[in-house]
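*Asks:* Residue numbers (my numbering), protein chains in the order written: chain A, 106 to 433; chain B, 3 to 157.
Every residue, glycine too, gets a C-beta built ideally from N, C-alpha and C.
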Amino acid sequence: MTSVEQRQSAGPRGSRSLLSIDELGTDGVFRILDLADHMVEVNRRPNPKVPALRGKTVCNVFFEDSTRTRLSFETAAKRLSADTMTFSVAQSSLNKGESLRDTIETIAAMGVDAFVIRHGSSGAPWMVDKWTQASVINAGDGWHAHPTQALLDAYTVRTTLNRTGGLEGLRIAIVGDVKHSRVARSTSAVFRLLGADVTLVAPRTLLPPVVDEPTSENLDALIDDVDVLYLLRMQSERMNEALVPSLREYTTRFGLTPQRAGRLKQNALVMHPGPMNRGVEIAVDPAELPGAVITQQVSNGIAVRMAVLFELLGSGHGSADTLEGSSE
Amino acid sequence: MAHEIIERNRGLDGVVLVGIQRGGVWLAKALGAEIVRIEDRESGHASVPVGSVDASLYRDDIGLRPVAPGSVSELEFDIDGVTVVLVDDVLFTGRTVRAALDAIADYGRPRAVQLAVLIDRGHRELPIRPDYVGKNLPTSGDESVSVTSDGVVIS
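1) Anything in chain B within Cβ reach of Leu418 (chain A), meaning under 9 angstroms, just list it in chain order.
2) Is Ala392 (chain A) buried or exposed, if buried means 16 or more other CB atoms sit within 10 Å of its CB?
3) Are Ile52 (chain B) and Leu88 (chain B) closer than 8 angstroms when you measure CB to CB?
4) Along the chain, where does the alpha helix (DSSP H) that runs through Ala35 (chain B) open and close?
5) Under 6 angstroms Cβ to Cβ from Thr304 (chain A), same chain only, skipping five residues before and after it: list those, please.
6) If you reduce the DSSP assignment to three classes, tell me which class Val413 (chain A) lands in.
7) So if I threshold CB-CB distances at 9 angstroms, which residues from the region 145-157 of chain A count as touching chain B?
8) For Arg123 (chain B), which of B:Gly110, B:Asp104, B:Asp91 and B:Leu77 has the nearest alpha-carbon?
9) Quick check on the burial criterion: 16 or more other C-beta atoms within 10 angstroms. Buried or exposed for Ser432 (chain A)?
10) Our contact map puts Val283 (chain A) next to Ala255 (chain A) with C-beta atoms below 8 angstroms; I'd like the distance itself, whole angstroms only.
11) Going by alpha carbons, who is nearest to Ala301 (chain A) out of A:Glu273, A:Pro252 and A:Lys370?
12) Counting only beta-carbon separations shorter than 8 angstroms, does Val74 (chain B) have a partner in chain A?
13) Check each residue of the region 123-146 of chain A: if its Cβ is closer than 9 angstroms to any Cβ of chain B, include it; give the result in chain order.
14) Quick check on the DSSP output: the beta strand (DSSP E) that includes Leu299 (chain A) runs from which residue to which?
15) Rounded to a whole number of angstroms, what is the C-alpha to C-alpha distance between Glu346 (chain A) and Gln238 (chain A)?
16) Counting Cβ pairs, one atom from each stretch, are 3 or more of them under 8 angstroms apart for the region 146-159 of chain A and the region 259-272 of chain A?
17) How would you label Asn94 (chain A), buried or exposed, when you count the other beta carbons within 10 angstroms and need 16 or more for buried?
18) Using 8 angstroms as the limit for Cβ to Cβ distance, is Leu59 (chain B) near chain A?
19) So the candidates are B:Asn11, B:Arg61, B:Val55 and B:Ser54; which of them puts its Cα closest to the Cα of Arg159 (chain A)?
20) Answer with yes or no whether the minimum CB distance from Leu109 (chain B) to chain A is below 8 angstroms.
21) Between which two residues does the beta strand (DSSP E) harbouring Asp207 (chain A) extend?
22) When burial is assigned at 16 or more other CB atoms within 10 Å of the CB, is Arg10 (chain B) buried or exposed?
23) Determine the chain A residues that contact Asp56 (chain B) at a beta-carbon separation under 7 angstroms, and present them in chain order.
24) At the level of alpha carbons, what is the spacing between Glu44 (chain B) and Met3 (chain B)?
25) Measure the alpha-carbon distance for Arg309 (chain A) versus Ser171 (chain A) and round it to whole angstroms.
26) Which residue marks the beginning of the alpha helix (DSSP H) containing Tyr260 (chain A), and which one marks its end?
27) Consult DSSP for Leu312 (chain A) and reduce its assignment to one of helix, strand or coil.
28) Would you check if the distance between the CB atom of Thr131 (chain A) and the CB atom of Leu257 (chain A) is smaller than 8 angstroms?
29) Where Val84 (chain B) and Gly16 (chain B) are concerned, what is the direct C-alpha to C-alpha distance, given to the nearest angstrom?
30) Once DSSP output is grouped into helix, strand and coil, what is the label at Ser424 (chain A)?
31) Is the region 119-129 of chain A close to the region 219-235 of chain A, with three or more CB pairs under 8 angstroms?
32) Please classify Asp246 (chain A) as buried or exposed, where buried requires at least 16 neighbouring CB atoms within 10 angstroms.
33) If we ignore side chains and look at the alpha-carbon of each, how far apart do Ile121 (chain B) and Leu128 (chain B) end up?
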């Protein structure tokens, strides 16, 4: 495949795959957020489709359940005119004992330009990235990373609060099951990369042993001052592991109750990656919260994933000077 | 060029200017201002909508070279049935104009599309011809022409 060879032989600009926020780096984050502005404009049109990735094939490989991420990627690819394939594990030869590597190599042999992969094991996308010449996009691996969620979160904050230059000085609290949350890890990484002050708020049992951010067990001490309140999904299976005494107690200490909602700053944002457990981490109707941007997160998700796909599959990697030179 | 655009279209009725990102945008604004100034003398109240279009998602060399999109397209007006004057600074291979034509088509069906460029430097690779030219500038293919509001530089 010549397109692959060209990408391989190209210069240092940009990367072939998106695996984590750290590997993307600050420049990469800004590039994708800027591109997302263009994609939002495309999505606003009556016919939200551009021919940018005609002839490219994107394959969604989801080993874990997902509605919004998979649909979001599929929509994003289609709006850029790429072809999409969906690999659903339930109906696959994995049930006949085929290994992940053989599966990936088989699909790659059909001519795939990008794999969008979600896997229950941390690090799986890095393995896939080694096995294939195609681009690999991490759509969530274990407790580890979920970079496109992080980028759409950063984009949502950036556009709603009008912070094109970065998020310097913003106070952001990420509340909930940080320990088991790939969203918390990636989203905190991107917020900090853009200059925000992130505090992780959770019961000690739901915090990882080592973190880079300041932590707190007292949401009430912070809630008056935060600019962004980021609620994580309380995964009910954690109850069985006795990490929190009861969901009711969790809501009392860490949930967004009507009282806490009333204490939020007037222009504070409330975010949630979904799916929401109403009555647990969010005990108010988000539709009645002026600062809730949860639906914007979903619609921005499409634009940001379009930007990611275009950045990985659509940008050549030659020298940027050639572009400046030919002003035609 | 402003006079030509007015003459050719017999006034400003149903005429909009659309600058191609990035070099055509300031030029479209400048042309728009000049056209309004000229027409104002005649009629007293003239206006011409000015927008911009980013063609980078429609290029035929996607994946072959880096993409540096300009600002986001701004077409706040309806382009169905109007005459769109596409504006760019330098006309070279014609490939950007082709991409811009495709982009325009996604917003609607103009009655006609015309092309205004400040510099035509030749070396067309597509059957595209400008309707209004500021200056024909013979160049060799490996030279680079850059246009700013201060002037034109060949390097």
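*Replies:* This is what the structure holds:
1) Ile64 and Gly65
2) exposed
3) It is worth fixing the name first, because residue 52 (chain B) is Val in this sequence and not Ile. Their beta carbons are not under 8 angstroms apart, which means Val52 (chain B) does not touch Leu88 (chain B) by this criterion.
4) Gly25 to Ser45
5) Taking C-beta separations shorter than 6 angstroms and ignoring five residues to either side along the sequence, the partners of Thr304 (chain A) in its chain run Ala278, Pro319 and Ser321, following chain order.
6) helix
7) The residues in question are Val145, Glu146, Val147, Arg150, Pro151, Asn152, Lys154, Val155, Pro156 and Ala157.
8) B:Asp91
9) The predicted position of Ser432 (chain A) is uncertain, since its pLDDT is 39 and thus under 50; a value taken from the coordinates is nonetheless stated next. It counts as buried.
10) With a Cβ gap of about 14 angstroms, Val283 (chain A) and Ala255 (chain A) do not count as contacting.
11) Comparing Cα-Cα distances from Ala301 (chain A) to each of A:Glu273, A:Pro252 and A:Lys370, the minimum goes to A:Glu273.
12) yes
13) Those residues of the region 123-146 of chain A that come within reach of chain B (Cβ to Cβ, closer than 9 angstroms) are Asp139, Leu140, Asp142, His143, Met144, Val145 and Glu146.
14) Counting along the chain, Leu299 (chain A) falls outside any beta strand (DSSP E), and DSSP gives it neither H nor E.
15) 40 angstroms
16) no
17) The structure shown has nothing for residue 94 (chain A), since chain A only spans 106 to 433.
18) yes
19) B:Arg61
20) As written in the sequence, residue 109 (chain B) is Tyr, which differs from the Leu given in the question. Yes, contact with chain A.
21) Premise fails: Asp207 (chain A) lies in the alpha helix (DSSP H), Leu205 to Ala214, not in any beta strand (DSSP E).
22) exposed
23) Here the neighbours are His143.
24) 17 angstroms
25) 28 angstroms
26) Note, Tyr260 (chain A): alpha helix (DSSP H), Pro252 to Thr265.
27) coil
28) Not a contact, by the Cβ cut-off of 8 angstroms.
29) 5 angstroms
30) Annotation note: pLDDT 36 at Ser424 (chain A) (below 50); position unreliable, coordinate value reported separately. In the structure shown, Ser424 (chain A) sits in coil (DSSP, three-state: anything other than H, G, I, E or B).
31) yes
32) buried
33) 17 angstroms
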